[in-house]
């Protein structure tokens with residue numbers, strides 16, 4: 073919980089201290105001016121600002137809850153970007169204004185004293201409301217990115233409480249804080265947190281469909297336990313998740329380094345400027361000139377006259393305030409300060425929310441001893457279940473039909489101590505929650521009965537069992553078994569080319585052509601690379617990560633031979649590599665019958681093969697000189713089609729429309745790639761494509777990945793209880 077609470081704690085402490093300092097300066101200025109009677113106006117302005125901030129938070133919370141799932145993602149994403157803008161502006165403004173804040177506020181108070189209590193209320197309201205609105209927005213976005221509200225709210229409350237105590241101590245002069253250093257350090261930390269919020273917001277916009285590329289991952293480390301201490305620490309404090317798209321990573325990197333550089337440079341510049349001003353303003357020692365008796369009497373007379381005028385003005389203003397108070401009861405003023413923002417918030421929620429179609433909200437608890445308790449009033453219609461994992465292990469939670477086991481909604485990787493929403497539209501019928509924990513515990517809730525008709529709700533999909541996947545896996549393994557000898561024959565032909573005493577121009581051309589044929593054989597196998605274990609790295613590994621890079625002696629396989637062929641290496645260097653490739657493929661053929669294929673790998677590979685294509689082939693990362701990335705992409709597309717053909721029966725029974733859409737986009741991407749093949753059968757290199765061609769291939773492949781992303785979800789093996 074502390075990991076999720078820390079960003080909110082920091083923003084509560086910093087913003088609370090900013091607002092508290094403003095209030096302290098206003099109060100101290102009035103007290104020193106002998107205007108304690110005006111303190112009520114200051115507190116009225118502060119109260120109005122607090123009421124406005126709380127009302128704004130209510131609008132954000134309830135409006136977002138009333139939106140459909142995609143709308144919630146877009147709403148949260150947009151507000152996350154706005155929050156990043158506000159926080160960035162705030163830390164730079166405070167860095168610049170911290171030294172002059174007290175003087176500016178004192179000048180405003182002096183001006184307000186001459187204009188009446190209303191201006192003083194407005195001054196305190198504007199000064200505090202800015203901090204309050206920023207706090208509400210940033211706390212809301214950090215709570216949403218954490219996926220739960222308890223930790224962030226506790227963190228914010230502790231931070232604000234400490235800020236209040238610190239401001240009281242500063243006001244009473246029992247506490248000393250170097251505010252310039254405090255705001256500098258917390259500003260730097262907030263910039264790091266804001267970078268994570270920016271990445272999270274971009275991911276939300278991608279999930280909501282406003283920006284493409286949600287499944288174009290820069291990295292995907294979902295095998296990491298989301299409930300581990302290090303994963304929750306990084307996710308809670310930095311908003312970095314195990315899987316992030318390229319857009320999220322690019323946004324993070326474009327924001328954090330330059331913003332931090334400008335902030336640190338500005339801190340140093342401000343410190344140097346302050347030192348120069350202090351040196352320039354140091355008073356020079358001058359001999360004091362004694363006043364004459366007549367001058368002292370005249371000065372005293374002027375001071376008495378000014379004090380008398382001030383007392384008369386204060387009495388006149390106090391009389392006017394008493395008369396105004398008699399005309400407008402104080403209770404009415406106080407009530408309106410809090411009532412007006414609340415009424416405006418209720419009106420905004422009513423207008424922005426969808427009214428009767430809003431999803432009902434239910435708090436559901438789960439642990440290793442009980443699953444899905446707390447659904448008090450089951451009813452038909454749109455539902456939002458706030459699932460809280462009170463257990464010790466990460467869980468997957470499904471909303472199912474107990475009679476058919478059909479799944480209506482699910483949440484994966486619900487970490488201990490976190491809360492996340494699960495939404496579904498339900499018709500009449502029976503429902504239950506099923507919980508599967510990483511320690512192997514699997515259990516179901518009691519059956520909940522929902523009244524109403526059987527139409528209008530979400531369509532559940534039948535869960536997939538291990539038995540359901542056995543035949544598709546067998547079919548796919550038969551395909552691999554059939555094509556491995558083809559791969560071996562073509563690789564032996566390549567090895568024979570490399571065994572020539574000298575690679576003449578004709579021999580080199582033949583070797584390159586045979587290399588491409590054999591390499592495409594391997595790439596077309598697609599989903600089997602997980603089954604191949606260590607053989608995949610030996611046969612098709614890249615030099616990335618090796619100590620010696622492309623010169624590392626342990627690097628072998630197709631890409632090593634590609635590097636040698638297209639970089640002019642001698643036959644004597646390449647012949648051992650060809651022999652090693654053939655030996656590794658022969659060992660693979662011998663080992664394959666005893667190797668096991670995880671049934672869950674097959675649905676996952678339908679998406680993952682082309683995900684790797686987008687990440688490695690279409691970026692040129694895996695090209696070592698041949699310029700055949702598009703040919704490899706075409707082979708990967710063929711491998712994806714083979715995997716889908718093994719799963720077509722399961723997909724047809726669960727989402728035939730999705731299957732039809734996937735086929736349409738496969739044909740679109742195939743046409744894009746075929747357009748890059750020349751009449752002689754050679755392939756256009758990536759760097760020779762026009763910008764329009766490259767954009768279309770990447771865009772269409774990205775859309776195909778979006779369509780394929782439903783396959784692993786629909787065909788995932790689910791626990792029964």
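In this note's numbering, the protein residues as written are 73 to 793. Every residue gets a Cβ at the ideal spot worked out from N, C-alpha and C, and that includes glycine. Bear in mind that the values here come from a model prediction, so they are computed numbers and not experimental data.
| Asked | Found |
| --- | --- |
| Spell out the partners DSSP gives residue 533 in its beta bridges. | 479 |
| Tell me the residue span of the alpha helix (DSSP H) that contains residue 556. | 538 to 570 |
| Is residue 781 helix, strand or coil when you go by DSSP? | coil |
| In chain order, which continuous runs of the alpha helix (DSSP H) of length 4 or greater are located wholly inside the region 250 to 284? | 251 to 279 |
| Name the DSSP beta bridge partners of residue 506, please? | 470 and 516 |
| Excluding five sequence neighbours on each side, which residues of the same chain lie with their C-beta closer than 7 Å to the C-beta of residue 524? | 452, 499 and 500 |
| Within 8 Å, do at least three Cβ pairs link the region 706 to 723 to the region 671 to 681? | yes |
| DSSP three-state call for residue 92: helix, strand or coil? | helix |
| Provide the residue(s) that pair with residue 521 in DSSP beta bridges, ordered along the chain. | 502 |
| Residue 470 and residue 484: beta carbons closer than 7 Å? | no |
| Please state whether the Cβ-Cβ distance between residue 491 and residue 460 is less than 7 Å. | yes |
| If you reduce the DSSP assignment to three classes, tell me which class residue 700 lands in. | coil |
| Roughly how many whole angstroms lie between the Cα atoms of residue 569 and residue 668? | 34 Å |
| Nearest by alpha-carbon distance to residue 204: which of 787, 123 and 277 is it? | 123 |
| Mind checking who residue 755 pairs with in its DSSP beta bridge? | 749 |
| Going by the DSSP bridge assignment, what does residue 605 pair with across the sheet? | Partner(s): none; residue 605 has no beta bridge. |
| Taking the alpha-carbon positions, what's the residue 639 to residue 632 distance? | 11 Å |
| With DSSP run on the structure shown, which of helix, strand or coil describes residue 788? | coil |
| Residue 507: which of 445, 746 and 276 sits nearest, CA to CA? | 445 |
| What residue does the beta strand (DSSP E) around residue 659 start on, and which one ends it? | No beta strand (DSSP E) contains residue 659, which is instead part of the alpha helix (DSSP H) from 643 to 663. |
| Please state whether DSSP places residue 290 in a helix, a strand or coil. | strand |
| DSSP on residue 445, reduced to helix/strand/coil? | strand |
| If I measure Cβ to Cβ from residue 796 and keep anything under 6 Å in the same chain, skipping five residues before and after, which residues do I get? | As shown, the chain starts at 73 and ends at 793. That puts residue 796 outside it, with no answer to give. |
| Three or more C-beta pairs closer than 8 Å, one from the region 604 to 611 and one from the region 718 to 734: is that the case here? | no |
| If residue 536 and residue 788 are in contact, beta carbons under 8 Å, what's the gap, nearest whole angstrom? | 7 Å |
| With respect to the beta strand (DSSP E) encompassing residue 582, which residues constitute its N-terminal and C-terminal limits? | No beta strand (DSSP E) holds residue 582; the alpha helix (DSSP H) holding it covers 577 to 595. |
| Going by C-alpha distance, which of 473, 95, 522 and 164 is nearest residue 242? | 95 |
| For the candidate residues 740, 784 and 780, whose alpha-carbon lies nearest to that of residue 765? | 740 |
| Classify residue 325 as buried or exposed, calling it buried when 16 or more other Cβ atoms lie within 10 Å of its own Cβ. | exposed |
| When you compare each of 557, 778 and 274 to residue 731 by their alpha carbons, which one comes out closest? | 778 |
| With C-beta atoms as the reference, is residue 572 less than 7 Å away from residue 644? | no |
| I'd like to know whether the C-beta atoms of residue 534 and residue 497 end up nearer to each other than 7 Å. | no |
| So, at 8 Å on beta carbons, what are the nonlocal neighbours of residue 588 in its own chain, with the 5 sequence-adjacent residues on each side left out? | 698, 700 and 703 |
| I need the boundaries of the alpha helix (DSSP H) containing residue 627, first residue and last residue. | Neither: residue 627 is in no alpha helix (DSSP H) and is coded neither H nor E. |
| Could you please give the first and the last residue of the uninterrupted beta strand (DSSP E) stretch that includes residue 315? | 315 to 317 |
| Output needed for residue 289: all residues of its chain with C-beta closer than 8 Å, excluding positions within five of it in sequence on either side, in chain order. | 315, 316, 317, 318, 683 and 687 |
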